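Engineer: Just so you know, the protein sequences line up as chains A and B, in that order.
Counting in the working numbering, the first sequence runs without a single skipped number right up to 204 at its last residue.
Counting in the working numbering, the second sequence runs without a single skipped number right up to 204 at its last residue.
Before we start, here is the structure in question, set down as C-alpha cells.
There are 2 protein chains.
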Amino acid sequence: MNILLAEDQTMLRDALSTLLGLEPSFSITAVSDGLKAQALLREKSFDILLTDIEMPGLSGLDLVAWLREQQNPLASIIITTFNRAGFVRRALALDVGGFLLKDAPSDQLVDAIYRVHRGERVIASELALQALGDQDPLTDKERRALRLAHEGLSTAHIAQKLCLSEGTIRNYLSEAISKLGAGNRVDAARIARHRGWL
Amino acid sequence: MNILLAEDQTMLRDALSTLLGLEPSFSITAVSDGLKAQALLREKSFDILLTDIEMPGLSGLDLVAWLREQQNPLASIIITTFNRAGFVRRALALDVGGFLLKDAPSDQLVDAIYRVHRGERVIASELALQALGDQDPLTDKERRALRLAHEGLSTAHIAQKLCLSEGTIRNYLSEAISKLGAGNRVDAARIARHRGWL
DNA sequence: CATTGAGGGTGACATTTGTCATTAATACTG
DNA sequence: CAGTATTAATGACAAATGTCACCCTCAATG
Numbered sequence: 007m008n009i010l011l012a013e014d015q016t017m018l019r020d021a022l023s024t025l026l027g028l029e030p031s032f033s034i035t036a037v038s039d040g041l042k043a044q045a046l047l048r049e050k051s052f053d054i055l056l057t058d059i060e061m062p063g064l065s066g067l068d069l070v071a072w073l074r075e076q077q078n079p080l081a082s083i084i085i086t087t088f089n090r091a092g093f094v095r096r097a098l099a100l101d102v103g104g105f106l107l108k109d110a111p112s113d114q115l116v117d118a119i120y121r122v123h124r125g126e127r128v129i130a131s132e133l134a135l136q137a138l139g140d141q142d143p144l145t146d147k148e149r150r151a152l153r154l155a156h157e158g159l160s161t162a163h164i165a166q167k168l169c170l171s172e173g174t175i176r177n178y179l180s181e182a183i184s185k186l187g188a189g190n191r192v193d194a195a196r197i198a199r200h201r202g203w204l
Numbered sequence: 007m008n009i010l011l012a013e014d015q016t017m018l019r020d021a022l023s024t025l026l027g028l029e030p031s032f033s034i035t036a037v038s039d040g041l042k043a044q045a046l047l048r049e050k051s052f053d054i055l056l057t058d059i060e061m062p063g064l065s066g067l068d069l070v071a072w073l074r075e076q077q078n079p080l081a082s083i084i085i086t087t088f089n090r091a092g093f094v095r096r097a098l099a100l101d102v103g104g105f106l107l108k109d110a111p112s113d114q115l116v117d118a119i120y121r122v123h124r125g126e127r128v129i130a131s132e133l134a135l136q137a138l139g140d141q142d143p144l145t146d147k148e149r150r151a152l153r154l155a156h157e158g159l160s161t162a163h164i165a166q167k168l169c170l171s172e173g174t175i176r177n178y179l180s181e182a183i184s185k186l187g188a189g190n191r192v193d194a195a196r197i198a199r200h201r202g203w204l
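Here's what the structure looks like:
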C-alpha cells in the first residue's frame with residue numbers, strides 16, 4: 007500500500023515514517039509540506055494520503071480540497087494537534103476517510119489506515135461529537151478583524167489592513183464580542199480560536 | 007542504556023518510543039507528563055532523560071530543576087517545538103546535556119543521545135546563537151500580569167488574581183509595553199511570548 | 001542615622017475600545 | 001418596481017486602557 011505522508015514537524019515525520027515502515031505492506035513517502043505533497047500527487051498515484059492540517063504553504067484541508075477539485079477521490083486521513091470543531095466539519099464536507107488527533111496512540115493510526123483503505127470511515131470520537139455542536143456564528147469580516155486583533159493590532163491598523171473605516175471595525179469586533187459572549191476582543195479571539203472558528 | 011522519555015503528545019511519544027527502541031542498546035520507558043516522570047525517577051535510575059518542555063502538570067524544565075535540587079546530575083536532553091531564547095538560557099543554567107527542536111531530524115536525536123551519554127553537550131545551532139541575544143527585561147510581576155492580559159482578562163480581573171490594585175496593574179502593563187516597544191498589552195504579550203519571556 | 005531604592009499605590013488625563021442608534025448605498029427578489 | 005437584506009459608515013457616549021508624576025513604607029546600606 008503506497009502511503010503519502012505530509013507533516014511539517016521533522017521529528018514526528020521521521021518517527022511516523024519509521025513506525026509505519028515497520029508494517030510490511032506499507033510503503034511510505036514522506037514530505038514536509040502541502041505544496042510538496044501536491045507536486046507528488048500530480049506525478050504519481052497513492053493509495054492513502056496521511057496529512058497534518060497545520061502546515062506552511064498549503065494546509066492539509068486545502069490539499070484535500072484541491073484533490074476533490076481534480077476529481078481525485080484519494081482516501082485521506084487528517085491528523086491534527088488541535089481539537090477544533092470547525093476543522094472537523096470542513097473535513098467531513100470534503101469527504102475525508104479519517105480524522106485523528108496527534109494525541110491518539112500510534113497503533114490507532116495504523117488501524118485507521120487499514121480501515122480507511124477498506125473504505126470505512128474513522129473519526130476520533132472526541133471529535134465526532136463536537137462536529138455536531140454549535141455552528142460558527144462569525145461572518146467573514148468579523149473573523150478577519152478578530153484575527154488581526156488577536157495579533158495585537160489596534161483598531162486603526164486593522165481598519166487600514168482591511169480597507170474599512172475605523173468605526174466599522176469597532177462595530178464588527180463589538181458584534182463578535184457579543185456573539186461569543188466574550189469580555190473584550192482578546193477574549194473573543196481566544197474563544198473563537200478554541201472552537202476552531204478562527 | 008535506560009532512557010526515560012517524557013512527552014505528552016501520544017502519537018509522537020509512541021513513534022519516538024518505537025524509533026528509539028530500534029537501537030539495540032536502548033531501553034525506553036515512556037510517560038505522558040512531568041509528574042509521572044518525577045514519580046518514576048524517584049523509584050528507579052536512568053541513564054538519560056529525554057523530555058519535552060510543554061507538558062501538563064510539570065514542565066520539562068521544572069522537572070530538570072527538581073532533579074538538580076535532589077542533587078541528581080542525570081544527563082538530560084530537552085526537545086521542544088518552540089525556538090524560544092528564554093527556554094535555552096534557563097536550560098543551560100540547569101546544565102542540561104542537550105537541547106533540540108522537534109524540527110530536527112530523528113537521527114540527530116539518536117546521535118545526541120549517544121553524545122550526551124558520553125558527556126558531550128549538544129545544542130541545536132539555531133538555538134545556541136539566540137541564547138546569547140538580549141536578556142529578558144521584564145520583572146516577575148510584569149510577566150505575570152502580561153500572561154493574564156494575554157488570556158483576555160481585564161485590568162480589574164488581573165488585579166484581583168494577583169492581589170494588587172488596578173492602578174498598579176496598569177502601571178506594570180504600561181512598563182512592559184514600553185520596555186518591549188509594543189503598541190498595547192496584547193502586542194506586548196505577543197512579543198514577549200515570541201522571545202520566550204512569557 | 002540619613003539615604004537610597006524596591007515594591008506598591010493614587011489621581012489625573014488622554015486615548016482607545018465597546019455599544020448603539022441611525023443612515024446611505026448596493027444588490028437580491030418577488 | 002417596491003421591498004428588503006447586506007455591507008459600510010457616522011456620531012455620540014460610556015468604559016477600559018495607557019501614561020505620568022508623585023506618594024508611602026520598609027529594608028538594605030553607607
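Even for Gly, the Cβ is constructed at its ideal location relative to N, Cα and C.
Note that the coordinates shown come from a computational prediction; the quantities given were computed from them, not determined experimentally.
By the criterion of Cβ-Cβ separation under 9 Å, what are the contact partners of B/D193 in chain A?
Structural biologist: E157, G158, L159, S160
Engineer: Below 8 Å between beta carbons is the criterion; list the residues of the stretch 36–56 of chain A that meet it against any residue of chain B, in chain order.
Structural biologist: none
Engineer: Shortest alpha-carbon distance to B/A155 belongs to which of B/R199, B/L115, B/G187, B/A118?
Structural biologist: Closest option to B/A155, Cα to Cα, is B/R199.
Engineer: Using 9 Å as the limit for Cβ to Cβ distance, is A/Q15 near chain B?
Structural biologist: yes
Engineer: Distance check for A/V70 and A/L98, CA to CA, integer angstroms please.
Structural biologist: Taking the straight line joining both Cα atoms gives about 11 Å.
Engineer: Would A/A165 pass as an interface residue toward chain B - the criterion being a Cβ-Cβ separation below 9 Å?
Structural biologist: no
Engineer: What three-state label does DSSP hand B/I83 in the structure shown?
Structural biologist: strand
Engineer: Answer yes or no: do A/D53 and A/A81 have a C-beta to C-beta separation smaller than 9 Å?
Structural biologist: Cβ atoms of A/D53 and A/A81: closer than 9 Å.
Engineer: For the stretch 119–200 of chain B, which segments carrying the alpha helix (DSSP H) assignment without a break, of at least 4 residues, lie completely within its bounds, in sequence order?
Structural biologist: 131–137, 146–156, 161–168, 172–186, 191–200
Engineer: Give the residues from the stretch 94–110 of chain A that approach chain B closer than 9 Å (Cβ to any Cβ), ordered along the chain.
Structural biologist: L106, L107, K108, D109, A110
Engineer: Helix, strand or coil: which one does DSSP assign to A/A36?
Structural biologist: strand
Engineer: Round the Cβ separation of A/M61 and A/S33 to the nearest angstrom and send it over; I've been treating them as touching at under 8 Å.
Structural biologist: In fact, because the Cβ distance is near 22 Å, the residues do not count as touching under 8 Å.
Engineer: Contact check, B/L11 vs B/L56 under 8 Å by CB: the rounded distance?
Structural biologist: About 5 Å; that satisfies the 8 Å criterion.
Engineer: Does B/F52 come out as helix, strand or coil in the three-state DSSP assignment?
Structural biologist: Three-state DSSP puts B/F52 in coil, outside helix and strand.
Engineer: Does B/S184 have its Cβ less than 9 Å from a Cβ in chain A?
Structural biologist: no
Engineer: Determine the direct distance from the alpha carbon of A/R124 to that of B/D193, and round the result to whole angstroms.
Structural biologist: 49 Å
Engineer: Per the DSSP calculation, A/L11 is bridged to which residue(s)?
Structural biologist: A/A36, A/L56
Engineer: For B/L106, which beta-bridge partners are listed by DSSP?
Structural biologist: B/I85
Engineer: Since B/R196 meets chain A, which of its residues come closer than 8 Å, beta carbon to beta carbon?
Structural biologist: E157, G158
Engineer: Starting from the beta carbon of A/A21, find every residue of chain B whose beta carbon is closer than 7 Å, and list them in chain order.
Structural biologist: L18, A21, L22, L25, S112
Engineer: Check whether the Cβ of A/P30 sits closer than 8 Å to any heavy atom of the ligand PLP, and report yes or no.
Structural biologist: What this structure holds is no ligand at all, so the ligand PLP is not there to describe.
Engineer: Anything in chain B within Cβ reach of A/G187, meaning under 9 Å, just list it in chain order.
Structural biologist: Those do not exist, as A/G187 stays about 12 Å from chain B at its closest Cβ, beyond 9 Å.
Engineer: Indicate whether A/L204 and A/L152 have their beta-carbon atoms separated by less than 9 Å.
Structural biologist: yes
Engineer: Does the separation of the CB atoms of A/L179 and A/R191 fall below 9 Å?
Structural biologist: With a cutoff of 9 Å on beta-carbon distance, A/L179 and A/R191 are scored as near each other.
Engineer: Expressed to the nearest angstrom, what Euclidean distance is found between the alpha-carbon atoms of B/E172 and B/H163?
Structural biologist: 9 Å
Engineer: Leaving out five residues before and five after A/F105 in sequence, what residues of the same chain have Cβ atoms less than 7 Å from its Cβ?
Structural biologist: I84, V94, A97, I129, A130, L133
Engineer: For A/S112, is the classification buried or exposed, using 16 other Cβ atoms within 10 angstroms of its Cβ as the cut-off for buried?
Structural biologist: A/S112 is classed as buried because its beta carbon has at least 16 other beta carbons within 10 Å across all chains shown.
Engineer: When DSSP labels each residue in this structure, what does A/D264 get in the three-state scheme?
Structural biologist: The question about residue 264 of chain A has no answer here: the residues shown for chain A are numbered 7 through 204.
Engineer: Could you name the residues of chain A that B/L115 contacts, counting a contact when the two beta carbons are closer than 8 Å?
Structural biologist: M17
Engineer: Would you please verify whether the beta carbon of B/L64 is less than 9 Å from any beta carbon of chain A?
Structural biologist: no
Engineer: Please list the terminal residues of the continuous alpha helix (DSSP H) segment that includes A/R74.
Structural biologist: 66–75
Engineer: Find the nearest neighbour of A/L144 within the set A/G103, A/I119, A/N177, A/V116, judged by alpha-carbon distance.
Structural biologist: A/N177
Engineer: For B/K147 and A/E157, I'd like the C-alpha separation in whole angstroms.
Structural biologist: Answer to the nearest angstrom: the Cα atoms are 23 Å apart.
Engineer: Near B/G66, which residues of its chain fall below 6 Å by C-beta distance, leaving aside the five closest residues on each side in sequence?
Structural biologist: T57, D58, I59, I84
Engineer: Do A/R201 and A/G92 have their CB atoms nearer than 9 Å?
Structural biologist: The Cβ atoms of A/R201 and A/G92 sit closer than 9 Å to each other.
Engineer: Would you verify that the beta carbon of B/L28 is, or is not, closer than 9 Å to some beta carbon of chain A?
Structural biologist: At a cut-off of 9 Å between beta-carbon atoms, B/L28 makes contact with chain A.
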